[in-house]
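Protein sequences appear in the order of chains A and B.
Going by my numbering, the first residue of the first sequence is number 12, and it counts up by one from there.
Going by my numbering, the first residue of the second sequence is number 138, and it counts up by one from there.
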Amino acid sequence: MSRQLQRKLFIAAFLVPTFLFFSVFVLYPVAKGAHISLFDWSGSSEHMTYVGLDNFKEIVRDPIVWKAIGNDYFLVLGKTIGIVLLATFFAVAVTRLRIRGASFFRIAFFIPNIISIVVIGVLWRFVYNPSIGFLNSFLSLFAAEPVNRPWLGEEGTALWSILWPSIWAGIGFYFLLLVAAIMGIPASLYEAAEIDGAKQGRQFWTITLPLVWEQVKVSVLHIVMTTLNGSFVMVLLMTEGGPDNSTQVLGSYLYQMGFRQFHMGYAAALGVVILIVSLLTTLVLQRLLRRDTVEYS
Amino acid sequence: MEIRKTLGTVLTLALILVLAACGGGGKEKQTASGGDTPSSSNASPASPDASPVTPAESSDAQLEGDFEIQYFVGGYGDAWWKDVIAQFQELHPNLKIKQSAGPKINEQMKPRWIQGSPPDVVYIDGAGSNPRQMIEDDQLLDLSDWIGQATNVDGEKILDVMIAQPEQYGGKTYNIPLVFGSYGTFYDKALFAKNGWEAPSTYEEFLTLSEKIKAAGISPYIHTGVYPDYILGGFLYPAIISANGDDGQILQDMGDMKEGVFASEPVMKALNQLAETGSKGFIDQGAPALNHTDSQMLFLQRKAAMIPNGLWLESEMKNDAPADFEYGFVPSVTQSAGGKYVALPYTSTMAVAKKAKNPEAAKAFIQFIFTKQASLNWAEKTGALMNVKVDLESSSAGETAKNAMKYYSSDNTLVAPVVVFNADVFKVMCDATVALSVNKITPEQWAERVEAAAAKARK
């Protein structure tokens, strides 16, 4: 066996199995989903009727889909801003501001990440409960009359009420990511800055932020992708998409259509839409976040 | 360059192989694996002379061959199923009975239904099951002619012993209701007695009572806004039937999505009742945000006086009710003076697969289980009601079930037909009903929305 063949075999031995798994568990389902999206199929019938792009035409005309896309982006925007700002702030606080009990905060902020999302949903349903919830009891302390606002039951407040727990539950991981990045910055840089008379604010903008920009970027991308693909769990747990479809996101609407209203073809088409929306958003973000990488040498 | 080319070829080949394997081999594989569910199949055949033979079936030929039963195991457990299947096996020792059962059975059996090799008989219950959808998917056998004359093993006509008659789909019968219960309005007798309140028997009384309850600082009426099934079954449907002169046919027409029925006069009258109850502030303000546990907890904590719910409520909340809580039940609160109570039933049904391999055994099994004895057995094993009229007083069925049974056998109560809605229409109806209950939309807008959904579903 020639050296070259050996080398090729060696490389193939690593790539082929991974690729096989990738094909079976990613490529095939995606292709199958796209295929089903061209059919009118209940999801339980033997018969599938080919309808071409009718499902997609229907999607364009469906007002709930547009509402859902809007809600998706509301959550994406809200979560990205909320999580990145807070996580960065907390990370800087526990590393650079020398506050007391930094290690306690590190654990405290991470705790929501190890709680199951289901528990978080149920927990926050209790917080928002109109009659016995924590939030209304708390607000009642400051009001003349007891507050009994159904936070999750009013169209104006329901989506906002889903946003807060999502942010609360999301901070921990990005917080740790940024803490690790900030701790990786050589202390000598900060020392030099201090000797030159730079205050904390100045240090943050000229040293910390440029040097953790890669991590911020990863955080933003990751938040955007997980929100577009995963926010339906929170929605299903807290409002089931209601009241009157006002908190529906694409994912929850897909579930509703596919498994509760028996339109699996339509649901598959929604899945394709989610895929396209996610890809486009990620591409746009990649461009927007492009910025010269700063490295310390 | 070389490496790339070779790798490219290898990867492409691999992909093709994988896709081919997934596409082609799927059928056999899934067929073989479909039935591996938690089942205790094949009770050992008893010796022939041990089998109890009653006069009715002594003339029947012995059944043989394979026979598969699919049943969902949920709140009712599987004790009753195991029991009746063992009895059935004793009766037909040559029949090879396979039980496909479990809490996830609907998903587990789905590939089998899709591929056209379903079980013979199915009990339709649990998440992911909808008889109307199965009929639309052409999966169930038309039982219209058979059920018209079928008798149970005791020789009684099955239709005669049932509480709720089978659902009709375009005038045809495909499934037989096995479990019976009804929605209704629940209240706490202890709380009512303490305040000198009387359970309402008409809509007028309901309004007067609500006024009093509200004045006492309690929410008169609470419901489960996240799952509007409850307010539909406990308030709106009965109201529609009452407004239709106690004729349940209108609900059937709604189920069949007849044009204009959702904007018809009885429906509008019922919608106005709901809107009125909402606008007078009798419906708990928090209701749209509540799921069933939330709303039931508030009811048990006496923060709300009345709740539309199903007969399962008592056993569901067994561990949470205060010690002095006493369940009271009226089937409906929306009838006018002189009208009957309207009990809106819910059921879970049995059906025979259209592609059943042993339809004879499937029918024989249904004849075997629709008896008074099996019904009593069901009540004792599950605490709920089976759809066969039977005297429960001496049984161990729950208090609520016994009380409700009295209503069902009374002349003053109309048991509405069982109607399963098209899932799309139902969703729109749910959303619109909650929106109406908080007066976000008018009854006319409700009708408009639901008519549009029905028009789309008819296509």
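Ideal Cβ positions, reconstructed from N, Cα and C, are used throughout, including at glycine.
As the structure is a computational prediction, the values presented were derived from the model and not from experiment.
(message) Between P365/B and V575/B, how many whole angstroms is the CB-CB distance? I'm expecting something under 8 Å.
(response) Not confirmed; about 12 Å, so no contact.
(request) Return no unless some Cβ of chain A is closer than 8 Å to the Cβ of D390/B. (result) no
(request) Output the distance between the C-alpha atoms of S533/B and W515/B, rounded to the nearest integer angstrom. (result) 10 Å
(request) Report yes or no: do three or more beta-carbon pairs, one from the segment 333–352 of chain B and one from the segment 490–503 of chain B, lie closer than 8 Å? (result) no
(request) Following the continuous alpha helix (DSSP H) through F36/A, name the residue where it begins and the one where it ends. (result) Neither: F36/A is in no alpha helix (DSSP H) and is coded neither H nor E.
(message) Is there a C-beta anywhere in chain A that falls below 8 Å from the one on Q252/B?
(response) yes
(message) Residues of chain A with CB closer than 8 Å to the CB of L435/B, please, in chain order.
(response) S142 and I143
(request) Entirely within the segment 490–560 of chain B and at least 3 residues each: give me those beta strand (DSSP E) ranges in chain order. (result) 550–552
(request) Please list the segments of the beta strand (DSSP E) lying wholly inside the segment 122–200 of chain A, counting only runs of 3 or more residues, in order along the chain. (result) none
(message) To test your reading of the DSSP string, which unbroken alpha helix (DSSP H) runs of 4 or more residues are found completely within the segment 289–335 of chain B?
(response) 295–298 and 326–332
(message) Counting only Cβ pairs nearer than 7 Å, list the residues of chain B close to L163/A.
(response) A426
(message) Would Y266/A pass as an interface residue toward chain B - the criterion being a Cβ-Cβ separation below 8 Å?
(response) no
(request) Report the rounded CA-to-CA distance for S178/B versus K235/B, giving the unit in angstroms. (result) In this prediction, S178/B has a pLDDT of 39, which is less than 50 and means its spatial position is unreliable; nothing more can be read from the coordinates.
(message) Would R111/A pass as an interface residue toward chain B - the criterion being a Cβ-Cβ separation below 8 Å?
(response) no
(request) Kindly indicate if chain B contains any beta-carbon less than 8 Å away from that of P254/A. (result) yes
(request) Reducing DSSP to helix, strand and coil, say where G253/B ends up. (result) coil
(request) Return the CA-CA distance between K241/B and T519/B, expressed in angstroms with no decimal places. (result) 19 Å
(message) Please report the distance separating the alpha-carbon of V259/B from that of N312/B.
(response) 9 Å
(message) Here's the rule: buried if 16 or more other CB atoms are within 10 angstroms of the residue's CB, otherwise exposed. What is H58/A?
(response) exposed
(message) If you reduce the DSSP assignment to three classes, tell me which class T484/B lands in.
(response) strand
(message) When you measure from the CB of F25/A to every non-hydrogen atom of the ligand FMN, does any distance come out below 7 Å?
(response) For the ligand FMN, the structure offers nothing, since it holds no ligand at all.
(request) Give a yes or no on whether the C-beta atoms belonging to A192/A and S48/A are separated by under 8 Å. (result) no
(request) Give the interface partners of K596/B over in chain D, defined as CB-CB distance under 9 Å, in chain order. (result) This model lacks chain D altogether, as its protein chains are A and B.
(request) Would you tell me roughly how many angstroms separate the C-alpha atoms of V565/B and I218/A, rounded to the nearest one? (result) 55 Å
(request) Whole angstroms is fine: what's the gap from R269/B's alpha carbon to L265/A's? (result) 21 Å
(message) So, with DSSP's three-state summary, where would you put G465/B?
(response) strand
(request) Run down chain A in chain order and give the residues with a C-beta less than 7 Å from the C-beta of D609/B. (result) Since the displayed chain B opens at 138 and closes at 596, residue 609/B lies outside it and no answer follows.
(message) Taking the beta carbon of D568/B as the centre, do at least 16 other beta carbons fall within 10 Å, making it buried, or is it exposed?
(response) buried
(request) Give the range of the beta strand (DSSP E) segment to which I92/A is assigned. (result) It is not in any beta strand (DSSP E) - I92/A instead sits in the alpha helix (DSSP H) that spans P74 to R107.
(request) Identify the contact partners of N66/A in chain B, using a Cβ-Cβ distance below 9 Å as the criterion. (result) Near N66/A there are no residues of chain B at all, since even the closest Cβ is about 14 Å away, more than 9 Å.
(request) Note down, in chain order, each residue of its chain lying with its Cβ closer than 7 Å to the Cβ of F317/B, except the 5 sequence neighbours on either side. (result) I300, A301, P482, T484, L522, M523 and N524
(message) For D203/B, report the span of its beta strand (DSSP E) as first-last.
(response) G202 to F209
(message) Judging by CA-CA distance, which residue of M391/B, A493/B and L551/B is the nearest neighbour of D561/B?
(response) M391/B
(message) Give me, in chain order, the residues of the same chain whose beta-carbon lies closer than 8 Å to that of V76/A; leave out the 5 immediate sequence neighbours on both sides.
(response) I70, L261, Y264, L281 and V284
(request) State the CB to CB distance for the pair L189/A and A79/A, rounded to an integer number of angstroms; the pair is presumed to be in contact (CB under 8 Å). (result) About 31 Å; that fails the 8 Å criterion.
(request) Could you tell me how far apart the beta carbons of V571/B and G144/A are, in whole angstroms, since I believe they sit closer than 8 Å? (result) Not really, about 19 Å apart at Cβ, beyond 8 Å.
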